[in-house]
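Student: Take 173 as the starting number for the sequence shown in our numbering and just add one per residue. We put the beta carbon where it would ideally sit given N, CA and C, even for glycine. Bear in mind the structure is a predicted one, so any value in this text is a computation, not a measurement.
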Amino acid sequence: MKIKFQVVVESDDSQPQIIQEITEIERSYLQPENLGLSLTEAKTLLKKVQQTLVEQQIAEYEHQQNSCQHCQKKLLHKDKRTIVYRTLFGKLKLPCNRLFHCSCQKHSTRTFQPLANLLKQRTSPELLYLESKFASLMSYGLSVKLLEELLPIEGQINPTTVRNNVHKIAQRLENELGDEIDTYIEGTPRDWEQLPRPDLPLVVGVDGGYVRYYDKHNKKAGNFEVIVGKSIKADSTSKRFGFTYSYDDKPKRRIFEVLKSQGMQPHQQVTVISDGDEKIRELLWGLNPSTEHILDWFHITMRITVMNQMAKGLTTKDFKLRKSIKEDLTSVKWYLWHGNVYKALQLIQYLLDDTWFLAKGERKSCPVALKLYDMMEKFHTYISNNEGLIPNYGERWRYEESISSSFVESTVNQVISKRMVKKQQMRWTPQGAHLLLQIRTQVLNGELKEKFQHWYSGIQLNR
Ligand SMILES: [Zn+2]
Numbered sequence: 173m174k175i176k177f178q179v180v181v182e183s184d185d186s187q188p189q190i191i192q193e194i195t196e197i198e199r200s201y202l203q204p205e206n207l208g209l210s211l212t213e214a215k216t217l218l219k220k221v222q223q224t225l226v227e228q229q230i231a232e233y234e235h236q237q238n239s240c241q242h243c244q245k246k247l248l249h250k251d252k253r254t255i256v257y258r259t260l261f262g263k264l265k266l267p268c269n270r271l272f273h274c275s276c277q278k279h280s281t282r283t284f285q286p287l288a289n290l291l292k293q294r295t296s297p298e299l300l301y302l303e304s305k306f307a308s309l310m311s312y313g314l315s316v317k318l319l320e321e322l323l324p325i326e327g328q329i330n331p332t333t334v335r336n337n338v339h340k341i342a343q344r345l346e347n348e349l350g351d352e353i354d355t356y357i358e359g360t361p362r363d364w365e366q367l368p369r370p371d372l373p374l375v376v377g378v379d380g381g382y383v384r385y386y387d388k389h390n391k392k393a394g395n396f397e398v399i400v401g402k403s404i405k406a407d408s409t410s411k412r413f414g415f416t417y418s419y420d421d422k423p424k425r426r427i428f429e430v431l432k433s434q435g436m437q438p439h440q441q442v443t444v445i446s447d448g449d450e451k452i453r454e455l456l457w458g459l460n461p462s463t464e465h466i467l468d469w470f471h472i473t474m475r476i477t478v479m480n481q482m483a484k485g486l487t488t489k490d491f492k493l494r495k496s497i498k499e500d501l502t503s504v505k506w507y508l509w510h511g512n513v514y515k516a517l518q519l520i521q522y523l524l525d526d527t528w529f530l531a532k533g534e535r536k537s538c539p540v541a542l543k544l545y546d547m548m549e550k551f552h553t554y555i556s557n558n559e560g561l562i563p564n565y566g567e568r569w570r571y572e573e574s575i576s577s578s579f580v581e582s583t584v585n586q587v588i589s590k591r592m593v594k595k596q597q598m599r600w601t602p603q604g605a606h607l608l609l610q611i612r613t614q615v616l617n618g619e620l621k622e623k624f625q626h627w628y629s630g631i632q633l634n635r
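1. From the DSSP secondary-structure annotation, give me the bridge partner or partners of Lys263.
2. Just checking: is the beta-carbon of Leu486 within a distance shorter than 7 Å of some beta-carbon in chain D?
3. Indicate the three-state DSSP secondary structure (helix, strand or coil) for Tyr419 in the structure shown.
4. Count the other CB atoms, across all protein chains shown, that sit within 10 Å of the CB of Ile175; report buried if there are 16 or more and exposed otherwise.
5. Using a Cβ-Cβ cutoff of less than 8 Å, which residues in the same chain neighbour Arg294 once the five nearest sequence positions on both sides are dropped?
6. With a threshold of 6 Å (Cβ to nearest heavy atom), would Lys278 be considered close to ligand 1?
7. Determine the direct distance from the alpha carbon of Glu397 to that of Ala307, and round the result to whole angstroms.
8. Exposed or buried, Thr477, counting other C-beta atoms within 10 Å across all chains shown (16 or more means buried)?
9. Counting along the chain, where does the alpha helix (DSSP H) carrying Ile191 start and finish?
10. Would the beta-carbon of Leu524 fall within 7 Å of that of Ala541?
11. Taking contact to mean at least 3 C-beta pairs separated by less than 8 Å, is the stretch 577–589 in contact with the stretch 368–380?
12. Reducing DSSP to helix, strand and coil, say where Asp371 ends up.
13. Answer yes or no: the CB of Cys243 versus the heavy atoms of ligand 1, is any distance below 6 Å?
14. Can you tell me the Cα-Cα spacing of Ile452 and Ser446, whole angstroms?
15. Determine the direct distance from the alpha carbon of Tyr571 to that of Leu374, and round the result to whole angstroms.
16. Rounding to the nearest angstrom, what Cα-Cα distance links Asp546 and Pro370 in this structure?
17. Quick check: does the Cβ of Cys274 come within less than 6 Å of any heavy atom belonging to ligand 1?
18. Taking Cys276 as the reference, give the member of Gln244, Gln343, Asn347 with the closest Cα.
19. Can you name the start and end residues of the alpha helix (DSSP H) that Leu248 belongs to?
20. When the Cα of Leu225 is compared with those of Val316, Ile191, Lys411, which residue comes out closest?
21. Among Gly618, Glu622, Met173, Tyr356, which residue has its Cα nearest to the Cα of Thr463?
22. Would you check if the stretch 556–568 and the stretch 506–521 touch, i.e. whether three or more CB-CB distances between them fall below 8 Å?
23. From Asn480 to Glu499, what does the alpha carbon distance come to, in whole angstroms?
24. Which residues does DSSP pair with Asp379 in a beta bridge?
25. Using C-beta distances below 6 Å, list every residue in its chain close to Thr487, excluding the 5 sequence neighbours before and after it, in chain order.
What follows is the structure, encoded as structure tokens:
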């Protein structure tokens, strides 16, 4: 049996119908593999329907543009050019008229190209959306493979064009982000008193991660820092943000907009949980009058766990000392859990003396003890530097308040690692990483679609 596909065009102005042949499909005995359309047939069908549909739309548009929009006089035709336009269903070569302007109005140029002006961006919005969405989730190369697999665009897109398009979309988002200002706090305490009771605190976890430099001239170029974070509302809905620290010139605005979109009120408390990094605290400064900074319990307990592991490897025969080191480590953890930094630091000092004795004091020195000593010394500095950020974790925990941004560890993993450091050979420029992060966080926050719908009001996107 033969099945023919046709397109029937019915114009608005009672012109005769146009019937165009699209393609033919043949089928013999029914087999599971020939029931319905194959992907290849579907691709051919879509590609041809697209061409026919576009031809009709262009013909109608050019016809409408042929006369002056002011006096309806027919415009003089100069010549025809071809523009290339990429769509989900194939790359199209569109004939594009160049017309002389009508003399009834003043114009800065003699001629114009209506269609080329209309299609300034030579990739259709929907293809741009899909390219951005996929590229935010997987590598540029894989995105191309996936799109080519499913759509009739084989050989028409490549990783470089996808990357350039993603950068353009991200740059558009960047341009729409407001300017960086000194303070984002509005009003006075008296104004805030008039407001209804605020929601429970917003919890913001922030952390840094590293990605590898791409530098043509220096293969051994190191890493640069990317900061990511997540803001969680009392109802546990969350949004992510991310940026390249050395590249971004409006990081506070970026974070502020995320908090604002989370419904942050001026008198609402914001709890920031971080590893104590000075620059991260600085980034959150001036966004909200009642910001409380807390040292991430996760970072404390992670360090103690590592030291505990090391203590197991101590080779000394002095079992009593080994036992007391282990016990003291556990006590340090509990002092810190209850926010008793003074006692914790005192005990760490004793531990430093003990491990120093093991490392240097015995006839046979123990390399593990030396490592443990180094780590303990760093821990001492870490705790004393961050003394003011250590609350009574136990009490907070009882009141079900956040004490840890382990959710940020997973955010770092989700936002950066999965897309940007999965393979050792993945290298980035600070700008390239920054721009991709903007798309990636938008996609993970479920916001990219809204942006496209805002930019292109007629666009229809999948759920
Ligand atoms: Zn005119």
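Tutor: Reading from the atomic positions:
1. Secondary-structure assignment with DSSP links Lys263 through a beta bridge to Arg258.
2. In the structure shown, chain D does not exist; there is a single protein chain.
3. Secondary structure at Tyr419: coil, using DSSP grouped into helix, strand and coil.
4. Ile175 comes out exposed.
5. Ile255, Val256, Tyr257, Arg258.
6. Lys278: no, Cβ never under 6 Å from ligand 1.
7. In this model, Ala307 and Glu397 are separated by some 21 Å (Cα to Cα).
8. Looking at its Cβ environment, which holds fewer than 16 other Cβ atoms inside 10 Å, Thr477 is exposed.
9. In the DSSP assignment, Ile191 falls outside any alpha helix (DSSP H) and lies within the beta strand (DSSP E) extending over 190–198.
10. Going by beta carbons, Leu524 and Ala541 fall outside the 7 Å limit.
11. Contact between the stretch 577–589 and the stretch 368–380 is present, because at least three Cβ pairs lie under 8 Å.
12. Three-state result, Asp371: coil.
13. In terms of side-chain proximity, the C-beta atom of Cys243 is found nearer than 6 Å to a non-hydrogen atom of ligand 1.
14. C-alpha separation (whole angstroms): 8 Å.
15. The C-alpha of Leu374 lies about 15 Å from the C-alpha of Tyr571.
16. Roughly 46 Å between the two C-alpha positions.
17. Checking every heavy atom of ligand 1 against the Cβ of Cys274, one is found closer than 6 Å.
18. Residue Gln244 holds the alpha-carbon nearest to the alpha-carbon of Cys276 among Gln244, Gln343, Asn347.
19. Premise fails: Leu248 is in no alpha helix (DSSP H) and is neither H nor E.
20. Taking only the C-alpha atoms, the option nearest Leu225 is Ile191.
21. Selected option, being the one with the closest Cα: Tyr356.
22. Cβ pair count under 8 Å is three or more, so yes.
23. Those two C-alpha atoms are separated by around 10 Å.
24. For Asp379, which the question treats as bridged, DSSP gives the partners Val400.
25. Same-chain partners within the cutoff: Cys538.
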